[in-house]
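Enquirer: Counted from 1, the sequence shown has number 122 at position 56 by the numbering used here; the numbering is strictly sequential.
Take a look at this one; I'll ask things after.
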Amino acid sequence: MGAPAATEALVLSRDDIAKRILSGEIIFILRDRVIRVPHSWLSKHPAGDIHEVNTN
């Protein structure tokens with residue numbers, strides 16, 4: 067079984083998402099969709115390095 071086709075949805079559990087974040091992936095959730103972006107995207111985002119927000 068390979069990667070899901072473009073029309074299939076991959077369902078991720080909370081643990082799956084947590085593991086991805088802990089492994090260093092940059093992701094965010096928007097309207098029930100998990101969006102993964104490359105690290106280079108952070109420097110192009112108007113808000114800057116947003117992964118630092120609310121880390122205190």
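Idealized CB from N, CA, C, for every residue including glycine.
It should be emphasised that the depicted structure is a prediction, and the values quoted were computed from it without experimental measurement.
Please tell me whether ILE92 and HIS105 are closer than 8 Å, where the distance is taken between their beta carbons.
Expert: Yes, the pair counts as a contact, with Cβ atoms nearer than the cut-off.
Enquirer: Excluding the five sequence neighbours on either side, which residues of its own chain have a C-beta within less than 6 Å of the C-beta of PHE94, listed in chain order?
Expert: If we look at PHE94 and ignore the five residues flanking it on each side, its Cβ neighbours are ILE101.
Enquirer: Please list the terminal residues of the continuous alpha helix (DSSP H) segment that includes LEU96.
Expert: Where LEU96 is concerned, there is no enclosing alpha helix (DSSP H), although the beta strand (DSSP E) it sits in stretches over 92–96.
Enquirer: Where ILE79 and LYS85 are concerned, what is the direct C-alpha to C-alpha distance, given to the nearest angstrom?
Expert: For the record, residue 79 in the displayed sequence is Ser; it is not Ile. So the two alpha carbons sit approximately 10 Å from each other.
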